[in-house]
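All residue numbers for the sequence shown refer to UniProt numbering, where the first residue is 1 and numbers rise by one. Presented below is the structure to which this report refers.
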Amino acid sequence: MDSLKYINHYSETTKKQVLELIKQEKLGQYLKKKYANSHAIKTDKALFAYVNELKNAHMKKVAPLSKVLYDGKINIIHNALGTHHFISRVQGSKLKSKNEIRIATMFKNTPLEFLEMIVVHELAHFKEKEHNKAFYSLCEYMQPSYHQVEFDLRLYLTHMDIKGKIEKWG
Numbered sequence: 001m002d003s004l005k006y007i008n009h010y011s012e013t014t015k016k017q018v019l020e021l022i023k024q025e026k027l028g029q030y031l032k033k034k035y036a037n038s039h040a041i042k043t044d045k046a047l048f049a050y051v052n053e054l055k056n057a058h059m060k061k062v063a064p065l066s067k068v069l070y071d072g073k074i075n076i077i078h079n080a081l082g083t084h085h086f087i088s089r090v091q092g093s094k095l096k097s098k099n100e101i102r103i104a105t106m107f108k109n110t111p112l113e114f115l116e117m118i119v120v121h122e123l124a125h126f127k128e129k130e131h132n133k134a135f136y137s138l139c140e141y142m143q144p145s146y147h148q149v150e151f152d153l154r155l156y157l158t159h160m161d162i163k164g165k166i167e168k169w170g
């Protein structure tokens with residue numbers, strides 16, 4: 001069941017259902033039907049604007065973001081889908097801080113819901129450092145379908161491991 005590494009912590013019933021979809025070669029069809037189109041946020045500038053729009057709508061009191069970009073090295077280096085950074089520097093007698101978000105380049109060619117889920121997850125870390133109840137409540141507040149989209153993203157990653165791509169999105 002190594003092909004199910006992204007959903008390993010789900011119930012046996014769920015894993016069996018996913019295995020059946022894989023066996024019948026219907027996992028990609030399921031995902032394409034549910035998430036038909038890729039988003040149009042392809043540049044770092046557009047990503048910065050999109051993330052700031054989400055942040056300002058849900059987290060106005062969080063310090064401004066200084067950098068948001070697609071990063072082609074994330075999967076290799078961090079084994080993650082996105083990262084967030086709090087950078088503090090002393091400049092003279094002042095403490096300067098910067099908030100950065102980096103999103104794996106693979107999300108340039110996915111449905112908007114997947115990109116939004118990663119962005120929401122990374123934004124939530126600016127308020128809640130740990131993956132606890134408050135963290136996931138904040139994620140649900142920013143994206144009401146957060147848990148379902150996270151599960152479907154895990155299915156997408158499973159499909160990508162097996163097939164390499166889903167036709168039509170990329």
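Quick reminder that beta carbons are idealized off the backbone N, C-alpha and C, glycines included.
Endpoints, alpha helix (DSSP H) assigned at residue i
i: S66; result: That residue, S66, is in no alpha helix (DSSP H); its beta strand (DSSP E) goes L65 to D71.
i: Q24; result: No alpha helix (DSSP H) contains Q24, which DSSP labels as neither H nor E.
i: I41; result: Element bounds for I41: n/a, residue is neither H nor E.
i: E130; result: Unbroken run through E130: none, as it is neither H nor E.
i: F151; result: Y146 to K163
Sub-8 Å separation of residue i and residue j beta-carbons
i: D71; j: I103; result: yes
i: E122; j: L138; result: no
i: L155; j: L27; result: yes
i: I7; j: V51; result: no
i: Y146; j: V120; result: yes
i: F126; j: V62; result: yes
i: E113; j: Y35; result: yes
i: L21; j: Y30; result: yes
Exposed unless 16 or more other CB atoms sit within 10 angstroms - verdict on residue i
i: H159; result: buried
i: D161; result: exposed
i: N75; result: exposed
i: residue 178; result: The structure shown does not extend to residue 178, since the chain spans only 1 to 170, so no value can be given for it.
i: I77; result: At I77 the pLDDT is 47, less than 50, meaning the model places this residue with poor confidence; the figure from the coordinates comes in the next sentence. When all chains shown are included, I77 counts as exposed.
i: K55; result: buried
i: N99; result: buried
Residue from the options with nearest C-alpha to residue i
i: S38; options: E12, N109 and H131; result: N109
i: K45; options: G164, S66 and E128; result: S66
i: F48; options: M142, L69 and Y156; result: L69
i: Q143; options: E12, L115 and I74; result: L115
i: K60; options: A124, Y30 and S3; result: A124
i: K163; options: T13, T14, Q17 and K23; result: K23
i: F107; options: K55, K5, L54 and A40; result: A40
i: Y141; options: T105, A57 and K98; result: A57
i: T43; options: T105, V149, Q148 and E130; result: T105
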